[in-house]
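Residue numbers (my numbering): 1 to 210. Okay, so here's the structure we're looking at.
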């Protein structure tokens, strides 16, 4: 009877297209020493904390966010939303290449070197000043699927703080973050801080007064 019920459950999961990240894959201990409330932005560089990376659906993330990320992924799945990841951890080399590529695109448009650098900094940070180097930041997007992205971002705005994540670069806060509105960029700060930041509609800079 138990085997029969198990087969029925598996059949229902396959039929409904549900694909959960199984909880046994959670980790029991973390090795990273990085503070989940570390402020990395245009004027605060990454410190020398240890960052231990683990694999989540083919992407590298800091181990301290892993279990909450699994819970958030599965909760979204229950609501019919698949959280698509576009970017997570980047090395300093990756960040340099991304910044140089963005600056070149503006140079090609006719901007001066200084102007191209300034424009590039609105969306891409210099190496050492990018949250993606912490392993605590995730870009949730699925290129070319605008309707799906809108549904995903709406779900994240409503639910991400329950799992320790905040919308890092909200609209209307560009003068504080110095980064254009990015509905896809979420940052792990821990559950208590995430709830407080989201409920107060403030940025990490304002929360830490940095």
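Positions of the beta carbon are idealized from the N, C-alpha and C atoms, including for glycine.
Exposure label - residue i; buried when at least 16 CB within 10 Å
{"i": "residue 173", "result": "buried"}
{"i": "residue 92", "result": "exposed"}
{"i": "residue 23", "result": "Residue placement at residue 23 cannot be trusted, given a pLDDT of 49 that sits under 50; what the coordinates show is reported in the next sentence. So residue 23 counts as exposed."}
{"i": "residue 103", "result": "buried"}
{"i": "residue 112", "result": "exposed"}
{"i": "residue 32", "result": "buried"}
{"i": "residue 27", "result": "exposed"}
{"i": "residue 161", "result": "buried"}
{"i": "residue 188", "result": "buried"}
{"i": "residue 95", "result": "buried"}
Candidates the options: closest to residue i by CA position
{"i": "residue 211", "options": "28, 49, 25, 31", "result": "With the chain running from 1 to 210 in the structure shown, residue 211 is simply not present."}
{"i": "residue 136", "options": "27, 31, 35, 25", "result": "35"}
{"i": "residue 43", "options": "103, 53, 197, 126", "result": "126"}
{"i": "residue 141", "options": "199, 74, 56, 186", "result": "186"}
{"i": "residue 181", "options": "171, 189, 132", "result": "171"}
{"i": "residue 99", "options": "194, 45, 123", "result": "123"}
{"i": "residue 179", "options": "70, 52, 105, 131", "result": "131"}
{"i": "residue 175", "options": "30, 26, 41, 29", "result": "41"}
{"i": "residue 81", "options": "88, 73, 168", "result": "73"}
{"i": "residue 85", "options": "161, 147, 208, 152", "result": "152"}
{"i": "residue 166", "options": "149, 143, 144, 196", "result": "196"}
{"i": "residue 205", "options": "169, 147, 52, 184", "result": "169"}
{"i": "residue 217", "options": "105, 83, 45", "result": "Missing from the structure shown is residue 217; the chain here goes from 1 to 210 and no further."}
Residue span of the alpha helix (DSSP H) that contains residue i, given as start and end
{"i": "residue 142", "result": "Where residue 142 is concerned, there is no enclosing alpha helix (DSSP H), given that its DSSP letter is neither H nor E."}
{"i": "residue 187", "result": "No alpha helix (DSSP H) contains residue 187, which is instead part of the beta strand (DSSP E) from 182-188."}
{"i": "residue 176", "result": "174-177"}
{"i": "residue 42", "result": "Residue 42 -> no alpha helix (DSSP H), and no H or E assigned at all."}
Beta-ladder partner(s) of residue i, from DSSP
{"i": "residue 111", "result": "Its beta-bridge partners do not exist; DSSP assigns none."}
{"i": "residue 55", "result": "60"}
Boundaries (first-last residue) of the beta strand (DSSP E) holding residue i
{"i": "residue 166", "result": "165-169"}
Let me know the alpha helix (DSSP H) ranges lying completely inside the stretch 71-98, each 4 residues or longer, listed in chain order. The qualifying runs do not exist here; there are none.
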